[in-house]
Amino acid sequence: MYSQKVMDHFMNPRNVGKIELPDGVGEVGNPTCGDIMHIEIEVQDDLIKDIKFRTFGCAAAIATSSMVTEMVKGKSLEEAEMITNRTVAEALDGLPPLKMHCSNLAADALHEAIKNYRSGDASPTCFSKGCCKQEDHSSCEKAEE
Amino acid sequence: MGTSCRCKWLQAVRRIERPARPRQMESKKGGHQMRTVYMDHSATTPVDPVVLNAMIPYYTDIYGNSSSVHSQGQKAARALENAREQVASLLGASPGEIIFTAGGTEADNQALITYMNNNREKRRHIITSAIEHHAILHTCEHLAKQGFDLTVLPVNSEGTVEPQTLRTALRPDTALVSIMHANNEVGTIQDIKELAAISHEVGAVFHTDAVQSVGKIPVNVKDLGVDLLSASSHKLYGPKGIGCLYAKKGVRIGSYLYGGGHERNLRAGTVNVPGAVGFGKAAELAQQRLNQNDSTLWELGQRLRRGIIEAIPNTRLTGHPINRLPGSVSVCFEYVEGESILLMLDSYGIMASSGSACTSGSLEPSHVLLALGLSHEIAHGSVRLTMGKDNTIEDVDYVLEVLPPIIKNLRMMSPLGQ
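Chains A and B supply the protein sequences, listed in that same order.
Heads up, the first sequence is in the working numbering, so the first residue is 1 and it goes up one at a time.
Heads up, the second sequence is in the working numbering, so the first residue is 1001 and it goes up one at a time.
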């Protein structure tokens, strides 16, 4: 079902936790769909000096969160903004098709955190609305078929 | 997943919180055999070695087609009829009322579809409950698309269909009521006797999907007063691919498959004789176990339920507290997701299941948990542990040792509830 890399990041997640005074906070998903990803970043000279995540969700949700933090730690904000949900999934040697749509939101959470940093308002309650950033799941269900 | 994963996770756990590690993991680290605890008996059971031994000759020596005239065929036919008697005996039915099918799903399909079609001139209404297995719910939805009227009854928070709810839904043209005996996810047992009696008041036929109850608790078609009943062999230590439909004499069902005249023209296709022999033997052994009236499994279930609630806060047990399958534990953990829990449990050798969306293969959590009135977020954190005849008190205590730190660590990773 899952690649070894996914299982590794799930069983041994990197960068779990909170940053005391984050410069940017991002959160996507909602509990109704069963996935919430929360990412906090510390930025210095346009570099992501530190990054932490907390995630409610399945193994894919936790593994993608862990992977995205590993991919961007120490990188510039521009580099981090280039990362997409797809590149995160690829770095994990792929995800099961259904998970691509419902649990692969870690890059979105990262981008929210960067956006939040750029807006200069690092509020710890930054809730974006909607699972998969969509009003309904019809396109996900179609993809599933 | 390999050994290295487990050890790495263990390190991760220590980094996060440094909980008291389960002793079993240390033995694993030392390269010793890890304990394996199978607690998914509602999904399927292992074939009892006695059952397997009974089946083997019907693959190797007595391989004849039970429809053949020659001695090989006749030996197979006799074994088939013996199996039919064994299954009938477990259900309190006559052998002539048992039709072997390829499993519970086929029995459900045949009962509902052929009965509704055979009686469509007079009655066009079918009733079922919101917590049925998909073998029933999807069949009912199919019938509704064919033009039948469908009523899906709600259940209360314990997963019980209240008799009054059924009474108000019944109509003069209700043909069939199908309500499961025991629920596969939350373990609640329905008062089938009363529900069947109420249905009979308007002349409706009563079917019960007893796939989860047969072999686990006494199921007697006469005591329950049911007209149709589905059962499956692999839930009671028999082989997969065989089940049966009980159809009370005189109840107008028909064949669901076009083909030969097997099973008294009610189930076309060469009969799975080794499977039937296995099902029959499994039924005989189940009856012996039930006659012993052993309460061990019930007590193990209670110990596990109590232990989980005491050790883990923000947790709720689902299903009926008393009217439930022995050895069945269904629980929801707030702030964490079911699939994550299952994979963590599996890394400790514990096999369970969940009703979360991630494990249902869809984007929705279990329809059963939602029907009980649980919110989506609670239903996502569901875990089902179903024990069987071979589980022990040591198994229960091992789960109680391993599960609380797993939940604690997943919660520390979760942005909810903090």
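Using N, Cα and C, we set each Cβ at its ideal position, and we do this for glycine too.
Check, Outcome
"What residues match up with Cys1140 of chain B in a beta bridge as DSSP calls it?", "According to DSSP, which records beta bridges pairwise, Cys1140 of chain B is partnered with nothing at all."
"Determine whether the beta carbon atoms of Val1336 of chain B and Leu1317 of chain B lie at a separation below 8 Å.", "no"
"Quick check: the Cα distance between Lys1193 of chain B and Leu1410 of chain B, rounded to an integer number of angstroms?", "43 Å"
"Just to confirm before moving on: does the CB-CB distance between Val1271 of chain B and Ile1350 of chain B stay below 8 Å?", "no"
"Establish whether the CB of Glu70 of chain A and some CB of chain B are separated by less than 8 Å.", "no"
"DSSP state of Gln1110 of chain B, grouped into three classes?", "helix"
"Taking only beta-carbon positions, decide if His1125 of chain B is within less than 8 Å of chain A.", "no"
"Which class does Arg1021 of chain B belong to by DSSP, given the choice of helix, strand or coil?", "Note on Arg1021 of chain B: pLDDT 39, under 50, position unreliable in the model; no value is reported."
"Can you look up Met37 of chain A in the DSSP assignment and give me helix, strand or coil?", "strand"
"Look at the alpha carbon of Asn1291 of chain B and the alpha carbon of Ser1094 of chain B, and state the distance between them as a whole number of angstroms.", "20 Å"
"List in chain order: all unbroken alpha helix (DSSP H) runs of 4+ residues lying wholly within the region 1124-1168 of chain B.", "1134-1145"
"Identify the continuous beta strand (DSSP E) that holds Gly29 of chain A and give its terminal residues.", "Gly24 to Asn30"
"Return the residue from the list B:Ala1282, B:Glu1185 and B:Thr1036 that minimises the CA-CA distance to Gly1238 of chain B.", "B:Ala1282"
"Of all Cβ atoms in chain B, is any one closer than 8 Å to the Cβ of His38 of chain A?", "yes"
"To be precise: take each residue of the region 1372-1384 of chain B, compare its Cβ to all Cβ atoms of chain A, and keep it if any distance is under 7 Å. Which residues remain?", "His1376, Glu1377 and His1380"
"Which residue comes first and which comes last in the beta strand (DSSP E) that contains Arg54 of chain A?", "Leu47 to Phe56"
"Under 8 Å between C-beta atoms, does Ile41 of chain A make it to chain B?", "no"
"Among the residues of its own chain, which have a CB less than 7 Å from the CB of Pro13 of chain A, if the five just before and after it don't count?", "Ile62 and Ser66"
"Can you check whether the C-beta of Val28 of chain A is within less than 8 Å of a C-beta belonging to chain B?", "no"
"I think Glu1162 of chain B touches Leu1369 of chain B, with their Cβ atoms under 8 Å apart; what is that distance to the nearest whole Å?", "About 18 Å; that fails the 8 Å criterion."
"Taking 8 Å as the threshold (beta carbon to beta carbon), is Thr64 of chain A in contact with chain B?", "no"
"Let me check understanding here. Comparing Cα to Cα, which of B:Glu1132, B:Glu1401 and B:Ile1253 lies closest to Asn1265 of chain B?", "B:Ile1253"
"How about Gly1319 of chain B and Glu1158 of chain B: do their beta carbons lie closer than 8 Å?", "yes"
"Could you give the DSSP three-state label for Tyr1256 of chain B: helix, strand or coil?", "coil"
"Can you tell me whether DSSP reads Ile1099 of chain B as helix, strand or coil?", "strand"
"For the ligand GTP, any of its heavy atoms closer than 7 Å to the Cβ of Ser1255 of chain B?", "Because no ligand of any kind appears in the structure shown, any question about the ligand GTP cannot be addressed here."
"Straight-line CA distance for Tyr1038 of chain B to Leu1385 of chain B?", "9 Å"
"For Ala113 of chain A, would you say it is in contact with chain B, using Cβ-to-Cβ distances shorter than 8 Å as the test?", "no"
"Give me, in chain order, the residues of the same chain whose beta-carbon lies closer than 7 Å to that of Ala1286 of chain B; leave out the 5 immediate sequence neighbours on both sides.", "Leu1090, Gly1215 and Leu1236"
"Can you say whether His1070 of chain B is buried or exposed, counting buried as having 16 or more other CB atoms within 10 angstroms of its CB?", "exposed"
"Flag Ala88 of chain A as yes if its beta-carbon sits less than 8 Å from any beta-carbon of chain B, otherwise no.", "Per the sequence shown, the amino acid found at residue 88 of chain A is Val instead of Ala. Chain B contact via Cβ: absent."
"For the beta strand (DSSP E) containing Ala106 of chain A, name the first residue and the last one.", "Careful: Ala106 of chain A lies outside any beta strand (DSSP E), inside the alpha helix (DSSP H) at Ala106 to Arg118."
"Shortest alpha-carbon distance to Gly17 of chain A belongs to which of A:Ala91, A:Ala60 and A:Asp50?", "A:Asp50"
"Quick one: what does DSSP say Gln44 of chain A is sitting in, helix, strand or coil?", "strand"
"Quick check: the Cα distance between Tyr1348 of chain B and His1380 of chain B, rounded to an integer number of angstroms?", "21 Å"
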